[in-house]
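Student: Take a look at this one; I'll ask things after.
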Amino acid sequence: AGAGAGDGDGDGAGDGDGDGDGDGDGDGDGDGDGDGDVLCEAPAAYEDCDDWQTNDPLEAIGLNCPGDETNSIQVSNVNIDAVNANSWRVVTQYGTNGHWVPNPNPWISPNDDEIPPNTSSTFLLLSTGTIPQPNNMGVVIDNADQDGNGDNGNNDNPGPGGLPPPLTAAYGSNGGAGGTPFQDCDGVGDCSDSLYQWWIGNNWNNSNDAITIQFDVTVPPGTEGFIFDFAFFSSEWPSWVDTQFNDQFVVWSTSSTYTGNLTFVNDAPLTITSLDAANAFEFTNNAPELAGTGYTTHAATNWFVARGSAAPEETFQLTFFLSDLGDSILASAAAIDNFRWECEGCVPSEVMDCGIIIQ
Numbered sequence: 005a006g007a008g009a010g011d012g013d014g015d016g017a018g019d020g021d022g023d024g025d026g027d028g029d030g031d032g033d034g035d036g037d038g039d040g041d042v043l044c045e046a047p048a049a050y051e052d053c054d055d056w057q058t059n060d061p062l063e064a065i066g067l068n069c070p071g072d073e074t075n076s077i078q079v080s081n082v083n084i085d086a087v088n089a090n091s092w093r094v095v096t097q098y099g100t101n102g103h104w105v106p107n108p109n110p111w112i113s114p115n116d117d118e119i120p121p122n123t124s125s126t127f128l129l130l131s132t133g134t135i136p137q138p139n140n141m142g143v144v145i146d147n148a149d150q151d152g153n154g155d156n157g158n159n160d161n162p163g164p165g166g167l168p169p170p171l172t173a174a175y176g177s178n179g180g181a182g183g184t185p186f187q188d189c190d191g192v193g194d195c196s197d198s199l200y201q202w203w204i205g206n207n208w209n210n211s212n213d214a215i216t217i218q219f220d221v222t223v224p225p226g227t228e229g230f231i232f233d234f235a236f237f238s239s240e241w242p243s244w245v246d247t248q249f250n251d252q253f254v255v256w257s258t259s260s261t262y263t264g265n266l267t268f269v270n271d272a273p274l275t276i277t278s279l280d281a282a283n284a285f286e287f288t289n290n291a292p293e294l295a296g297t298g299y300t301t302h303a304a305t306n307w308f309v310a311r312g313s314a315a316p317e318e319t320f321q322l323t324f325f326l327s328d329l330g331d332s333i334l335a336s337a338a339a340i341d342n343f344r345w346e347c348e349g350c351v352p353s354e355v356m357d358c359g360i361i362i363q
């Protein structure tokens with residue numbers, strides 16, 4: 005008695021559940037399902053620090069902005085392996101068309117959750133060649149054909165089998181035996197099984213002009229995934245499709261929920277051959293979107309979203325790896341932006357749930 009609610013549970017809420025949150029389920033989390041879920045503590049909005057004056061590659065993609073876990077994503081143990089400082093740039097725009105700019109809009113997940121943006125003015129551009137200095141507004145314009153943008157002096161074959169640790173082309177599914185992509189990850193090999201055939205079966209494992217960015221990141225409570233935006237450009241298209249000259253972009257996660265390559269295309273790594281087979285090069289030849297990038301007469305994808313899974317409160321490592329494959333002659337590039345948390349996340353074992361999503 006004396007609760008003032010008339011429901012007899014003593015919490016004063018009038019709901020009969022006794023936990024005081026008013027949802028009637030008695031678990032105290034307020035969601036009404038009775039299971040006591042931990043609430044997602046991913047930021048509802050992100051601190052903005054990637055203005056056009058920054059030259060910090062992490063800030064450019066929304067990481068290590070001033071703030072705390074309520075409004076930013078802090079990373080540690082950062083390693084940027086790029087001998088040539090001109091192989092990456094922080095840019096406000098790439099080319100003259102205006103298409104290659106940061107996306108300030110929220111992303112709507114397949115479950116209709118709205119994921120807030122984590123970008124404003126800049127994104128990170130990587131190349132297996134070199135990138136011109138941005139102008140005084142942060143815009144990079146390159147009218148030189150990228151098929152002549154050769155050896156940039158970055159490391160060749162930066163680790164065992166041509167991949168920087170912990171990346172490996174070994175099978176990671178089915179307890180390391182392979183054959184069941186995205187299931188029963190062994191926590192060491194590539195659980196997508198996407199690298200094995202190309203690197204070991206075909207022996208296409210001679211990486212050159214490599215650039216690697218690695219960091220550790222801790223997942224907020226109640227958060228089960230992450231996403232980021234990227235696009236891929238290559239001057240190897242169309243001449244070198246279906247050959248060993250296949251520049252590549254690999255993003256590797258060591259999450260306890262999934263270890264392996266996130267940027268797979270069907271059952272293959274992201275290269276010109278796999279993208280061509282999937283009809284994923286949206287802009288080719290003289291597409292206006294390629295003007296001023298150096299990739300006119302060649303090809304680029306549109307902006308993609310990559311989804312990865314994670315376990316709440318774990319710390320895991322992410323690696324972004326771009327390299328030539330088979331030569332040091334023809335340049336490719338990757339644009340990266342907008343890293344952010346996704347509360348519900350994706351499920352690796354569900355077909356087409358994790359990996360690349362075309363915007």
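Following our numbering, the numbering of the sequence shown begins with 5 at its first residue and continues without gaps.
All C-beta atoms in this analysis are idealised placements derived from N, C-alpha and C, irrespective of residue type, glycine included.
Mind reading off the beta-carbon distance from Q150 to H302? Whole number of angstroms is fine, and I expect it under 8 angstroms.
Tutor: Between the beta-carbon of Q150 and that of H302 there is about 7 angstroms, and that keeps the pair under the 8 angstroms contact cut.
Student: What do you get for Q137, buried or exposed, if any count of 16 or more other CB atoms within 10 angstroms of its CB means buried?
Tutor: It is exposed - the Cβ of Q137 has fewer than 16 other Cβ atoms within 10 Å.
Student: Can you give me the start and stop residues for the beta strand (DSSP E) that E346 sits inside?
Tutor: 336-346
Student: Leaving out five residues on either side along the sequence, give the residues of the same chain with a beta carbon under 7 angstroms from the beta carbon of S198.
Tutor: Taken in chain order, the residues that qualify are N265, F268, D271, A272, P273.
Student: Can we say the segment 313-328 touches the segment 224-231, given the rule of at least three CB pairs closer than 8 angstroms?
Tutor: Verdict: yes, contact present.
Student: Rounded to the nearest angstrom, what separates G191 and I340 at their Cα positions?
Tutor: Cα-Cα distance, rounded: 26 angstroms.
Student: State the Cα-Cα distance for the pair C347 and C44, rounded to the nearest angstrom.
Tutor: 6 angstroms
Student: Whole beta strand (DSSP E) runs in the segment 114-179 with 3 or more residues, listed along the chain?
Tutor: 127-131
Student: What are the residues that DSSP puts in a beta bridge with A304?
Tutor: F237, F287
Student: Return helix, strand or coil for A272, following the three-state DSSP convention.
Tutor: strand
Student: With 16 other CB atoms within 10 Å as the buried threshold, where does A148 fall?
Tutor: Classification of A148: exposed, given that the 10 Å Cβ count is below 16.
Student: Specify, as a first and last residue, the run of the beta strand (DSSP E) that L329 falls within.
Tutor: 319-329
Student: Do you know offhand how far A7's Cα is from C69's?
Tutor: Summary for A7: the model assigns pLDDT 44, below 50, so the residue's position carries little reliability, and this model does not support an answer.
Student: Since T261 contacts P114 with CB under 8 angstroms, what's their CB separation in whole angstroms?
Tutor: With a Cβ gap of about 17 angstroms, T261 and P114 do not count as contacting.
Student: Kindly give me the distance between the Cβ atoms of S91 and T134, rounded to whole angstroms, as I take these residues to be in contact under 8 angstroms.
Tutor: 6 angstroms
Student: Report yes or no: do three or more beta-carbon pairs, one from the segment 52-67 and one from the segment 200-209, lie closer than 8 angstroms?
Tutor: no
Student: Since I believe E240 is in contact with L334 (beta carbons under 8 angstroms), could you give me their beta-carbon distance rounded to a whole number of angstroms?
Tutor: 5 angstroms
Student: Would you call D194 buried or exposed, if buried means 16 or more other Cβ atoms sit within 10 Å of its Cβ?
Tutor: buried
Student: Could you say if the segment 173-189 and the segment 352-362 meet the contact criterion of at least three C-beta pairs nearer than 8 angstroms?
Tutor: yes
Student: If contacts are defined as beta-carbon pairs under 8 angstroms, then N209 and G166 qualify, I think. What distance do you get, rounded to the angstrom?
Tutor: 4 angstroms
Student: Can you say whether T132 is buried or exposed, counting buried as having 16 or more other CB atoms within 10 angstroms of its CB?
Tutor: buried
Student: Can you tell me whether A9 is helix, strand or coil according to DSSP?
Tutor: In this predicted model, A9 has a pLDDT of only 49, less than 50, meaning its place in the structure is not dependable enough to derive any value.
Student: Quick one: grab the DSSP three-state call for S76.
Tutor: coil
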